[in-house]
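Novice: Here you go, one structure.
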Amino acid sequence: MSERPEPTGWQARSPNTGWVSILLTAVGLAFGALLKHPLRAFLTAFGILVGVAAVTVVVALAEGAKLAIGAKIDAMGTNSLVVTPRDVSRSGVRGSAALPPLTVNDGIALQRESTAIERVAPLLETGAQVTFFEDNVATAITGTTPDFFSIRAWTLESGRYWSDAEGARGAKVCVLGITVVRELFGFAAPVGATVRIGRHPFRVLGVLEEKGNSPFGTDLDDTVLIPIPTMRGKLVRTRPGQVHQLAASAPSAELASRAKKDIIAILRDRHGLREDAENDFRIRSQQQFRETQAGIMGVLSMLLLAIATVSLFVGGIGVMNIMLVSVAERTREIGIRMSIGARESHILAQFLVEAITLSVMGGASGALTAAVAIQFLAKSLELPMRLSPEALSIAMGTSALIGLVFGFFPARRAARMDPIEALRSD
Numbered sequence: 253m254s255e256r257p258e259p260t261g262w263q264a265r266s267p268n269t270g271w272v273s274i275l276l277t278a279v280g281l282a283f284g285a286l287l288k289h290p291l292r293a294f295l296t297a298f299g300i301l302v303g304v305a306a307v308t309v310v311v312a313l314a315e316g317a318k319l320a321i322g323a324k325i326d327a328m329g330t331n332s333l334v335v336t337p338r339d340v341s342r343s344g345v346r347g348s349a350a351l352p353p354l355t356v357n358d359g360i361a362l363q364r365e366s367t368a369i370e371r372v373a374p375l376l377e378t379g380a381q382v383t384f385f386e387d388n389v390a391t392a393i394t395g396t397t398p399d400f401f402s403i404r405a406w407t408l409e410s411g412r413y414w415s416d417a418e419g420a421r422g423a424k425v426c427v428l429g430i431t432v433v434r435e436l437f438g439f440a441a442p443v444g445a446t447v448r449i450g451r452h453p454f455r456v457l458g459v460l461e462e463k464g465n466s467p468f469g470t471d472l473d474d475t476v477l478i479p480i481p482t483m484r485g486k487l488v489r490t491r492p493g494q495v496h497q498l499a500a501s502a503p504s505a506e507l508a509s510r511a512k513k514d515i516i517a518i519l520r521d522r523h524g525l526r527e528d529a530e531n532d533f534r535i536r537s538q539q540q541f542r543e544t545q546a547g548i549m550g551v552l553s554m555l556l557l558a559i560a561t562v563s564l565f566v567g568g569i570g571v572m573n574i575m576l577v578s579v580a581e582r583t584r585e586i587g588i589r590m591s592i593g594a595r596e597s598h599i600l601a602q603f604l605v606e607a608i609t610l611s612v613m614g615g616a617s618g619a620l621t622a623a624v625a626i627q628f629l630a631k632s633l634e635l636p637m638r639l640s641p642e643a644l645s646i647a648m649g650t651s652a653l654i655g656l657v658f659g660f661f662p663a664r665r666a667a668r669m670d671p672i673e674a675l676r677s678d
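Structure (structure tokens):
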């Protein structure tokens, strides 16, 4: 009796050589098939490239915007709160026909009665024309006290703030934002110069460091600050002691929520509000700004991510279509391999690995494209964007998953072919 011939091809690798050998063989066959049709492989991988790049850039953009807006909120003052008047029904006020406005004395009471409040600064606001010789600019004028600079964490680029004594006597002095300085002085030093605010001359004491825009797009540098007694006497007519806002700060983030509760209790008592009456004031805290920011960014990120995910889905459909074409073209090859011992699992592995390889190639190219796009956008939009290792891992994992999911149907079709029918195929 003659000896049984040694198995060859797929038969030699099945089943005793193990899955490692099978997968290595499948990888080799996958690269061979892709190199045989390079243009087709490129166009298919391009769909994955676009999807992965879009998802990665969207994640980086969302993180960068979150950091940038967070920094702008911090620039408005660490642990700060702003109290403004609110229109409510007059029936809520005990024994009074008129709503009491916010006053300087309200601010004094807050600082005196609450241990959670570190500083309070009253504010009056208006708009005015500021002139220096022939140059002029319309800007926001804020009357306040030196505590306001500490509450907002605003520092000076040059010069100084006004003193308590200068503020108390209503000195005509001011501190300018950098936008106003550039409009009026260009590159000249403004400290010590005299500008006119409306009809009144003011001596420039200092220049604020540049702060950029607020989270709402307002130019924080387009401002002029003056003592509040000067504001009341020269630019704004109000009832005695009335203010437009009260700015306050807590010593820490932990005390900020307690400070808000104290403000509500103290002002309700001072304004004579009944228990069932609404507050006649509003409080905006840094935490509220952050929550609003998180909500907006969450919705925007989900929308952009959904659009990018559609791109990935379209890319996955492209992978499945090309793999179906590949299976149809290689029907006879599949039949030959099955006839020499290849099992369904071997054929399934071969085409799955090919689909995953195609997707991962697109994913790697997409990650590289995203890295270039992120660098460009970071410089153009001035956002702290970066390609994080987490985003890179997600991009590569997602591309492999797409290959697995969208390549499974074509691979299963190939694996379930009847070898006799496959061999008859042209």
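Residue numbers (the working numbering): 253 to 678. We treat Cβ as the ideally placed atom computed from N, Cα and C, and that holds for glycine.
Are V307 and L633 closer than 8 Å when you measure CB to CB?
Specialist: Not closer than 8 Å, so no.
Novice: Given H452, which residues of its chain have a CB within under 7 Å of its CB, disregarding the five upstream and five downstream residues?
Specialist: Here H452 has K424 and K486 as same chain residues with Cβ atoms under 7 Å from its own Cβ, once five neighbours each way along the sequence are excluded.
Novice: If you measure between the beta carbons of T482 and G524, is that distance less than 8 Å?
Specialist: no
Novice: Identify every residue that forms a DSSP beta bridge with Q494.
Specialist: T355
Novice: Spatial neighbours of E686 within its chain, please: C-beta separation below 7 Å, excluding the five flanking residues on both sides.
Specialist: Absent from the structure is residue 686, since the part of the chain shown begins at 253 and ends at 678.
Novice: In chain order, what residues of the same chain lie with their CB nearer than 8 Å to the CB of R491, ignoring the 5 residues before and after it?
Specialist: P353
Novice: What three-state label does DSSP hand V398 in the structure shown?
Specialist: Reading off the sequence shown, one finds Pro at residue 398, where the question assumed Val. P398: coil per DSSP, three-state reduction.
Novice: Considering only C-alpha positions, which residue in the set A594, G614, P374 and P641 is nearest to V304?
Specialist: G614
Novice: Within this structure, are the beta carbons of E600 and A663 separated by less than 8 Å?
Specialist: Checking the sequence, you will find Leu at residue 600 rather than Glu. Yes, they are a contact pair.
Novice: By the DSSP assignment, the beta strand (DSSP E) with A380 in it spans what residues?
Specialist: R371 to F384
Novice: Confirm, please, whether the CB-CB distance from G299 to A380 is below 8 Å.
Specialist: no
Novice: Starting from P442 and walking both ways along the alpha helix (DSSP H), at which residues does that stretch end?
Specialist: Neither: P442 is in no alpha helix (DSSP H) and is coded neither H nor E.
Novice: What ranges does the alpha helix (DSSP H) occupy inside the stretch 302–326, keeping only unbroken runs of at least 4 residues that lie completely in it?
Specialist: none
Novice: Can you check which of these residues, R589, A361 and R534, is closest to V372 by C-alpha distance?
Specialist: A361
Novice: Between the alpha carbons of S504 and S332, how many angstroms are there, rounded?
Specialist: Approximately 9 Å between the Cα atoms of the pair.
Novice: Between the Cα of E365 and those of D528, E596 and I518, spot the shortest distance and give me the residue it belongs to.
Specialist: I518
Novice: Indicate whether L375 and W414 have their beta-carbon atoms separated by less than 8 Å.
Specialist: Contact: no.
Novice: With a threshold of 7 Å on Cβ separation, who are the neighbours of L301 within its own chain once the five nearest residues in sequence on each side are excluded?
Specialist: G614, S617, G618 and T621
Novice: What does a CB cutoff of less than 6 Å around S553 pick up in its chain, not counting 5 residues either side in sequence?
Specialist: A314
Novice: Once DSSP output is grouped into helix, strand and coil, what is the label at L555?
Specialist: helix
Novice: Who are the Cβ neighbours of V389 in its own chain at under 7 Å, not counting the five residues just before and after it?
Specialist: V382, V432, E435 and L436
Novice: Do you know how far the Cα of S645 is from the Cα of G284?
Specialist: 27 Å
Novice: Tell me L629's beta-bridge partners as DSSP assigns them.
Specialist: Beta-bridge pairing links L629 to no other residue.
Novice: Give the single residue among V566, I403, A580 and I559 whose Cα lies nearest to the Cα of L295.
Specialist: V566
Novice: Here's a check: name, in chain order, each residue in its chain whose Cβ is nearer than 6 Å to the Cβ of E377, leaving out the five neighbours to either side.
Specialist: Cβ-Cβ distances below 6 Å link E377 to T394 and H496 in the same chain, with the five nearest sequence neighbours on each side left out; the list follows chain order.
Novice: Based on the DSSP secondary-structure assignment, which residues constitute the bridge partners of L477?
Specialist: T394 and V427
Novice: Whole-angstrom Cβ separation of L472 and G464, contact assumed at under 8 Å?
Specialist: About 7 Å; that satisfies the 8 Å criterion.
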